[in-house]
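So the protein lines, in turn, are chains A and B. First residue of the first sequence? That's 14 in our numbering, and the numbers climb one at a time after it. First residue of the second sequence? That's 46 in our numbering, and the numbers climb one at a time after it. Glycine residues also receive a C-beta, built at the ideal position from the N, C-alpha and C atoms. What you are looking at is a predicted structure, and each value in this text was computed from that prediction instead of being measured. As C-alpha cells, the structure follows; a few thoughts come after it.
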Amino acid sequence: MTQKRKTRFLVQIAVLAAMSVLLVYFIHFPIFPAAPFLEYDPADIPIFIGTFLFGPLGGLIITAVACILQGLTVSSSSGIIGIMMHFFATGSFVVVAGLIYGRMHTRKGAVIALVCGVLTMTVVMVLWNVIMTPIFMGTPREAVMAMIIPVIIPFNLIKGSVNGLVTFVVYKSVSRAFGDNGFKKRPAKVEA
Amino acid sequence: MFKDITIGQFYPTDSVIHRLDPRTKIIFTLVYIILLFVINNLWGYLFATAFLVFVVIASKIPVSYVLRGLKALVFIILLTMILNMFMTPGTVIAQWGFIQITIEGLRVSIYMAFRLILLVAGTSIMTLATSPIDLTDGMESCMKVVPLLKRVAHELAMMMSIALRFIPTLMEETDKIMKAQKARGADFETGNLIARAKALIPILVPLFVSAFRRADELATAMEARCYRGGENRTRMNQLQFEKRDAVSFVGMSVLTALLIGSRYLTWPMPFPFG
Numbered sequence: 014m015t016q017k018r019k020t021r022f023l024v025q026i027a028v029l030a031a032m033s034v035l036l037v038y039f040i041h042f043p044i045f046p047a048a049p050f051l052e053y054d055p056a057d058i059p060i061f062i063g064t065f066l067f068g069p070l071g072g073l074i075i076t077a078v079a080c081i082l083q084g085l086t087v088s089s090s091s092g093i094i095g096i097m098m099h100f101f102a103t104g105s106f107v108v109v110a111g112l113i114y115g116r117m118h119t120r121k122g123a124v125i126a127l128v129c130g131v132l133t134m135t136v137v138m139v140l141w142n143v144i145m146t147p148i149f150m151g152t153p154r155e156a157v158m159a160m161i162i163p164v165i166i167p168f169n170l171i172k173g174s175v176n177g178l179v180t181f182v183v184y185k186s187v188s189r190a191f192g193d194n195g196f197k198k199r200p201a202k203v204e205a
Numbered sequence: 046m047f048k049d050i051t052i053g054q055f056y057p058t059d060s061v062i063h064r065l066d067p068r069t070k071i072i073f074t075l076v077y078i079i080l081l082f083v084i085n086n087l088w089g090y091l092f093a094t095a096f097l098v099f100v101v102i103a104s105k106i107p108v109s110y111v112l113r114g115l116k117a118l119v120f121i122i123l124l125t126m127i128l129n130m131f132m133t134p135g136t137v138i139a140q141w142g143f144i145q146i147t148i149e150g151l152r153v154s155i156y157m158a159f160r161l162i163l164l165v166a167g168t169s170i171m172t173l174a175t176s177p178i179d180l181t182d183g184m185e186s187c188m189k190v191v192p193l194l195k196r197v198a199h200e201l202a203m204m205m206s207i208a209l210r211f212i213p214t215l216m217e218e219t220d221k222i223m224k225a226q227k228a229r230g231a232d233f234e235t236g237n238l239i240a241r242a243k244a245l246i247p248i249l250v251p252l253f254v255s256a257f258r259r260a261d262e263l264a265t266a267m268e269a270r271c272y273r274g275g276e277n278r279t280r281m282n283q284l285q286f287e288k289r290d291a292v293s294f295v296g297m298s299v300l301t302a303l304l305i306g307s308r309y310l311t312w313p314m315p316f317p318f319g
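See below:
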C-alpha cells in the first residue's frame with residue numbers, strides 16, 4: 014500500500030468507527046420491555062459497511078477501534094466486559110461476512126454474507142454467554158442455559174438481522190459515494 | 046447545542062489521580078481487574094473496596110458520578126444475586142416450598158455482587174479521571190511493548206484519536222440531518238423495531254456521504270503535511286513518568302501482595318462467610 018492510500022485508509026476507518034460510537038449515543042432502545050439491559054443499537058451498521066468496503070481485516074480494525082472507544086465513552090458502565098463482548102460478537106460477524114462477500118461480490122453474495130454473519134454472531138454469543146458469563150458474573154451455568162433459547166438467541170438474531178437489513182439497503186448508495194472519493198479499489202464491480 | 050457536549054464521562058478537575066501518567070492508570074486498572082479474580086474471601090473484597098474508596102476520594106470526583114455508572118448495572122447485579130442465591134446447592138438455611146436458600150448461595154451472591162461493582166467502578170474511575178485523548182496516548186505507548194501490537198500501535202492510536210476528534214463533528218451533522226428529515230415529516234421516536242430501523246435509512250445515507258467527504262478532506266490535509274506514520278514522529282507533549290507514578294507503582298505492588306495474601310487469611314468472618 015502506498016503511503017497515500019494508507020493515510021486515506023486510516024482516516025476512513027477512523028470515521029466509520031466514530032460513526033459507530035455516535036449512532037449508539039443517538040439511537041438505542043430496549044427490544045424486550047422485560048429485559049431493559051438488552052438494547053438495540055445501530056453501532057454495527059457502519060462496521061458492516063466498512064467490512065464490505067475494506068474486507069474482513071479492515072472490518073476487524075474498525076470493530077476494535079469502535080469497541081474500545083465505545084467502552085471508554087458512551088457505554089462505559091459495562092466496562093471491560095462490554096468491550097470484549099462487543100468485540101467478539103461483531104468481530105465474528107465481520108470475519109465471516111467479509112470473507113464471503115470477498116468471494117462473491119454480488120447482491121446475492123451480500124445477502125448470503127449477512128445471513129451467515131448473523132448466524133455466526135448468534136452462535137458466538139451463545140458460546141460466550143455459556144463460557145464467560147459464569148466466570149465474570151458468577152451466574153450459575155444452569156441459569157444461563159435456561160436463558161439461551163428465550164432470551165439470548167432471539168435478541169442476537171433480531172439485533173443482527175435488523176442491522177444486516179439496514180446495511181443491505183444503505184450499502185449501494187453509500188458505496189457509490191465512497192467510490193467518488195478517489196479510493197477506487199473495486200470501481201466497476203460494486204453491484205450489491 | 047452539540048458543540049460543547051462532552052462525549053464520555055471525563056470529569057475534569059485537578060487531582061493527584063488526574064495528574065498521574067495515563068500509562069500508570071491503564072496498567073493499574075488492568076492489574077486491579079486481574080486481582081479481582083484472584084480474591085476468594087470477604088477480607089480480600091473489603092481490602093479492594095477500601096482501596097477503591099481511597100482512589101475515589103483522592104481523585105476528587107463526586108461519589109454520585111461514580112455511582113451513576115453503576116445505575117445501569119443494578120438490574121444485572123440483582124439478577125445475578127437472585128439467581129446465585131436460589132440456585133447454588135449446599136446447606137439449606139431457609140425454605141419455602143421448592144425455593145431454598147443455601148449458605149453457599151448467599152455467600153456466592155454477595156461475593157459476585159462485590160466483584161461486579163468493583164469491576165465496573167474500577168474501570169469507570171479510569172475513564173472519569175483521564176481525558177480520552179490522554180487515554181489513547183497512553184494506550185499507544187502501552188501497546189508498543191506488546192509483541193503482536195508493536196507494529197500497529199501508532200496506527201491504532203491515531204485512528205482512535207481521529208475518531209474521537211470526529212465524534213462531535215459528526216454528531217452535529219447527525220443532529221442537522223435528523224432535524225432536516227423531521228422537517229420533512231420523518232418520525233424517529235415511535236413505532237416498532239422495523240419502523241424505527243426504516244427511519245434510520247434517511248439519516249444514514251447522507252451521514253455516510255458527508256463522513257466520507259470529511260475523511261477525504263482530512264486525508265488530503267494530512268498528505269499535504271507529509272504524514273508518514275509513526276516512525277520518527279515527534280510529539281508536542283511527551284509522556285513522562287513522575288515521582289507520583291513511582292509512588293503509585295509501589296502502592297500497586299502493596300495492593301497486589303495484600304490481595305494475594307488475603308487468600309490465606311484465616312481471620313474469623315461474620316455469619317454467612319464463616
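- At least one C-beta of chain A is nearer than 9 Å to the C-beta of SER206/B.
- With distances taken between CA atoms, LYS19/A lies nearest to GLY274/B out of ILE222/B, LEU173/B, GLY274/B.
- Straight across, the Cα-Cα distance linking ALA208/B with ILE84/B is about 37 Å.
- In this chain, TRP312/B is not harboured by any beta strand (DSSP E), its DSSP state being neither H nor E.
- For ARG308/B against GLY142/B, the beta-carbon gap comes to about 38 Å, at or over 8 Å, which does not count as contact.
- Here SER105/A is buried: its Cβ has 16 or more other Cβ atoms, across all protein chains shown, within 10 Å.
- Around SER176/B, the same chain offers PHE55 as residues with beta carbons nearer than 6 Å, after the five sequence neighbours per side are excluded.
- Proximity of ARG21/A to chain B, defined by a Cβ-Cβ separation below 9 Å, is satisfied.
- Remark: C-beta atoms of GLY72/A and GLY63/A approach each other more closely than 9 Å.
- By the neighbour-count criterion, in which 16 or more other beta carbons inside 10 Å mark a residue as buried, THR180/A falls on the buried side.
- In the displayed model, PRO43/A falls within a strand according to three-state DSSP.
- The C-beta of GLY114/B has 16 or more other C-beta atoms within 10 Å across all chains shown, which makes the residue buried.
- Residue-level contact check: VAL131/A does not touch chain B, since none of the beta carbons of chain B fall below 9 Å from its beta carbon.
- Buried is the label assigned to PRO59/A, since at least 16 other Cβ atoms lie within 10 Å of its Cβ.
- With a threshold of 16 other beta carbon atoms within 10 Å, ALA27/A meets it and is buried.
- The alpha carbon of ILE121/B has as its nearest neighbour, out of ILE148/B, LYS105/B, ALA103/B, SER154/B, the alpha carbon of SER154/B.
- Residue state for THR265/B is assigned as helix, using DSSP reduced to three classes.
- One Cα belongs to VAL78/A, the other to ASP290/B, and the distance between them is close to 27 Å.
- One Cα belongs to LEU245/B, the other to GLY167/B, and the distance between them is close to 35 Å.
- With respect to ALA110/A, MET138/A sits apart: the two C-beta atoms are not nearer than 9 Å.
- LEU284/B places its beta carbon less than 9 Å from that of SER186/B.
- DSSP, reduced to helix, strand and coil, places GLU52/A within a strand of the structure shown.
- Judged by DSSP in its simplified three-state form, ALA231/B adopts coil rather than helix or strand.
- Here THR219/B is near PHE39/A, since their CB atoms are less than 9 Å apart.
- For chain A, the residues of the region 72-96 of chain B that bring a beta carbon within less than 7 Å of one of its beta carbons are ILE78, in chain order.
- Identification of residues in the region 257-278 of chain B having a C-beta nearer than 8 Å to some C-beta of chain A yields PHE257, ARG258, ARG259, ALA260, ASP261, LEU263, ALA264, MET267, GLU268, TYR272, ARG273, GLY274, given in sequence order.
- For ILE84/B, there is no enclosing alpha helix (DSSP H), since its DSSP letter is neither H nor E.
- Interface criterion not met: the Cβ of VAL100/B is under 9 Å from no Cβ in chain A.
- Following the DSSP letters along the chain, one finds GLN140/B inside the beta strand (DSSP E) bounded by residues 137-141.
- Counting other Cβ atoms within 10 Å of its Cβ, ARG152/B reaches 16 or more and is therefore classed as buried.
- Close partners of ASN237/B in chain A (Cβ separation under 7 Å) are lacking, with about 10 Å as the shortest Cβ gap.
- When Cβ-Cβ separations below 9 Å define contact, THR133/B makes contact with chain A.
- Here SER298/B is exposed: its Cβ has fewer than 16 other Cβ atoms, across all protein chains shown, within 10 Å.
- For THR147/B, the secondary structure class from DSSP, reduced to helix, strand or coil, is strand.
- Going by C-alpha positions, LEU91/B is about 20 Å away from SER293/B.
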